[in-house]
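Numbering (this note's numbering), first residue to last: 2 to 251.
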Amino acid sequence: TNVVEKIAADFTALNNTTLASNGFENWEKTSAGVMPKMTVTPMAETTIPVKEVAPAADASVYNGTPSTTLRTEGTTVYIDSAADLALFAKNVTDGTDSYAGKTVLLTKDIIWNTGDASTWFMTSKAPKYTWVCGAWGKPFKGTFDGQGHVISGLYGQSQAGADKDNVGFFNVADGNVTVKNLAIVNSLFSTTNNGSGNVGGVFGLVGFESNSTAAATIDNVFVDAYCAAPAAVCVGGLIGKLHHEDAAVT
């Protein structure tokens, strides 16, 4: 009598010894029926470290006044303070410099605003300083290397005018643009423009020109921020929108 016949004739008489002697040593009888043996090996107890990402105690705090010049060496531009970051953002936004072909190095942790970004959705709780870096037709085109530093407290909001409804650390980016080695924390990027604009933690919009072949690279970037917008607007934790099908992100 083979095992199949035993199962059909008298399941109660079937046992694991009979299964093994009939070549089914890797099968067993259970209350649910005859099935393959399953071995469960408990995982060793592990602790996953959680890294607190926050500005250092000596972080530079913005006071509302941009620097007048930035330290440069050839094609390298240094951001040594919150005031320097403000001037850099102003240069991009007003079209003074797209930083194409240049590398911008952050040398210090930055606090743009103090307070809790989760409360900034309410206009009455909005922080003191708005973050604006870039606009339609005035994109960032360079390399921004945070060198492992943290920027905290950015409050990016859509601005008046159709050219300023994209929001992010960089509102608009184009060309061979790169952001790397940076943490953006305790920040809010949002737009109130229903049906227009794009919101992202790093780039609001990548590629603005009609023939854009923007190649954006995001490398070793950590974003812990609120990104929000009304319906019909593109929103992403890193990038809001690729404007043209030829634009690419790595």
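Just so it is clear, CB atoms sit at the ideal spot from N, CA and C, and this is done for glycine as well.
Residues that residue i bridges to, as DSSP identifies them
i                 : result
valine 105        : Val78, Phe145
alanine 136       : Lys139
asparagine 199    : Cys235
histidine 150     : Leu183
alanine 229       : Ser191
phenylalanine 171 : Phe204
leucine 243       : Val207
8 Å contact criterion, which residue i and residue j should meet: CB distance rounded
i              : j          : result
tryptophan 113 : alanine 83 : 7 Å
glycine 205    : valine 173 : 6 Å
Selection from the options that minimises the alpha carbon distance to residue i
i             : options                        : result
valine 178    : Thr192, Val151, Phe145, Asn92  : Phe145
tyrosine 227  : Asp220, Ile240, Ala217, Asn221 : Ile240
valine 62     : Gly116, Gln148, Ala217         : Gly116
glutamate 74  : Ser159, Pro67, Ser191, Val105  : Val105
threonine 108 : Thr18, Gly198, Pro56           : Pro56
glycine 154   : Leu86, Glu29, Gly198, Pro231   : Leu86
valine 203    : Asp175, Asn23, Asn194          : Asp175
valine 78     : Ser99, Asp95, Asp59            : Ser99
histidine 150 : Thr131, Asp81, Gly198          : Asp81
glycine 135   : Phe89, Thr19, Gly147           : Phe89
aspartate 225 : Phe171, Lys181, Ile152         : Ile152
lysine 181    : Asp220, Asn23, Met123, Phe171  : Asp220
alanine 60    : Gly147, Gly143, Asp110         : Asp110
Same chain, Cβ closer than 8 Å to residue i, neighbours up to 5 away in sequence not counted
i                 : result
phenylalanine 223 : Val54, Leu183, Ala184, Ile185, Val186
lysine 129        : Gly65, Asn114
alanine 21        : none
Residues of its chain near residue i, where Cβ-Cβ distance is below 6 Å and the 5 sequence neighbours each way are ignored
i             : result
lysine 126    : Thr120
glycine 237   : Gly201
leucine 189   : Ala118, Trp121, Tyr156, Tyr227
alanine 229   : Ser191
threonine 131 : Tyr156, Gln158
valine 93     : Cys134, Gly135, Phe141
threonine 19  : none
7 Å CB neighbourhood of residue i in its chain, flanking five on each side removed
i             : result
lysine 91     : Pro67
threonine 97  : none
aspartate 166 : Ser159, Thr192, Asn194, Ser197, Gly198
glycine 169   : Gly157, Phe190, Val200, Gly201, Gly202, Val203, Phe204, Gly205, Gly241
threonine 76  : Gly102, Lys103, Thr104
query: Would you call the segment 132-140 and the segment 64-74 in contact, with 3 or more CB pairs under 8 Å?
result: no
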